[in-house]
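Chains as they are written, first to last, in the numbering used here: chain W, 1 to 110; chain B, 1 to 114.
All C-beta atoms in this analysis are idealised placements derived from N, C-alpha and C, irrespective of residue type, glycine included.
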Amino acid sequence: GIQVEQSPPDLILQEGANSTLRCNFSDSVNNLQWFHQNPWGQLINLFYIPSGTKQNGRLSATTVATERYSLLYISSSQTTDSGVYFCAVLRGFGNEKLTFGTGTRLTIIP
Amino acid sequence: NAGVTQTPKFQVLKTGQSMTLQCAQDMNHNSMYWYRQDPGMGLRLIYYSASEGTTDKGEVPNGYNVSRLNKREFSLRLESAAPSQTSVYFCASSEMGQWSYEQYFGPGTRLTVT
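Structure follows, in structure tokens:
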């Protein structure tokens, strides 16, 4: 099956810093989503981004499908950004099964 | 819209007991999913249902059964719980639209089997 790798596994930053999280996948995909799992365990949809670039406030994401990677940028980090960030990919049409990466745990220190 | 709802939020079972986790969505999605998340790991697919009346196994189906009761509801049953099934269970739904396959997740059920 498709492999999804995220880096770094852990990231500790001071409030106000910027960060880049990476997601590599081993095969072509038709869907890529970024999620934030907050400290209470809730999964929050951040981006649906199979290709191109999207921005939402301090967060933005870029997926280069031909090179099989996606990046999540967080600018001016806040303590509420803490949690685990997952990317998840979906292989092809008619197959809706998402495969999740193992996540990046982000800790923002005040 | 409530989105995806799950009950219960927490449950403690003894080994060998059975229980059913309930999930409902109000987004008129065709597809629904059950995942489990073990500590420090990503989510793994247990079962999914592409449409009402159909179900299929995911990555880790052993020890579970599912029922797609109608378009809104998708339940997960543990017939004889084992400590290895201690996990957080998430339900999700999606619609294979022309431009989007985005999945939406419920708040999770934290299950402990002693």
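With respect to chain W, the C-beta atom of Met41(B) has a partner C-beta closer than 9 Å. Rounded to the nearest whole angstrom, the CA to CA distance from Tyr85(W) to Thr104(W) is 5 Å. Going by beta carbons, Val29(W) and Phe100(W) fall outside the 9 Å limit. For Trp34(B), the uninterrupted beta strand (DSSP E) segment begins and ends at 31-37.
For the region 69-103 of chain B, the set of positions with a beta-carbon nearer than 7 Å to some beta-carbon of chain W reads Val88, Phe90, Ser94, Met96, Ser100, Tyr101, Glu102, Gln103 in chain order.
The distance from the Cβ of Pro39(B) to that of Gln42(W) is about 16 Å, inconsistent with a contact at the 8 Å cut-off. Within the region 37-63 of chain W, the complete beta strand (DSSP E) runs of at least 3 residues fall at 43-48, 52-56. Counting along the chain, the unbroken beta strand (DSSP E) around Asp10(W) starts and ends at 10-14.
By alpha-carbon distance to Gln25(B), the top candidate from Ala81(B), Ser75(B), Val113(B), Gln85(B) is Ser75(B). Setting aside the 5 residues that flank it on each side, Ala88(W) is surrounded in the same chain by Gln33, Leu98, Phe100, each with a C-beta closer than 6 Å to its C-beta; the list follows chain order. If you draw a 10 Å sphere on the C-beta of Met27(B), you find fewer than 16 other C-beta atoms in it, and that means exposed. Nearest CB-CB separation between Pro107(B) and chain W: below the 9 Å threshold. For the C-beta of Asn31(W), the chain B residues within less than 7 Å are, from N- to C-terminus, Tyr101.
The beta carbon of Lys54(W) sits no closer than 9 Å to any beta carbon of chain B. Taking a beta-carbon distance threshold of 9 Å, Ala88(W) counts as an interface residue toward chain B. The C-beta distance from Leu43(B) to Phe90(B) rounds to 6 Å, short enough to meet the 8 Å contact threshold. The closest CA to that of Ser49(B), considering only Gln37(B), Cys23(B), Met41(B), Gly63(B), is found on Cys23(B). Counting only Cβ-Cβ distances below 8 Å, Gln14(W) has no contacts in chain B at all, with the closest Cβ about 24 Å away.
Under DSSP, Leu90(W) shares a beta bridge with Asn31(W), Leu98(W). Listed in chain order, the positions of the region 56-68 of chain B with a beta carbon within less than 7 Å of a beta carbon of chain W are Gly58.
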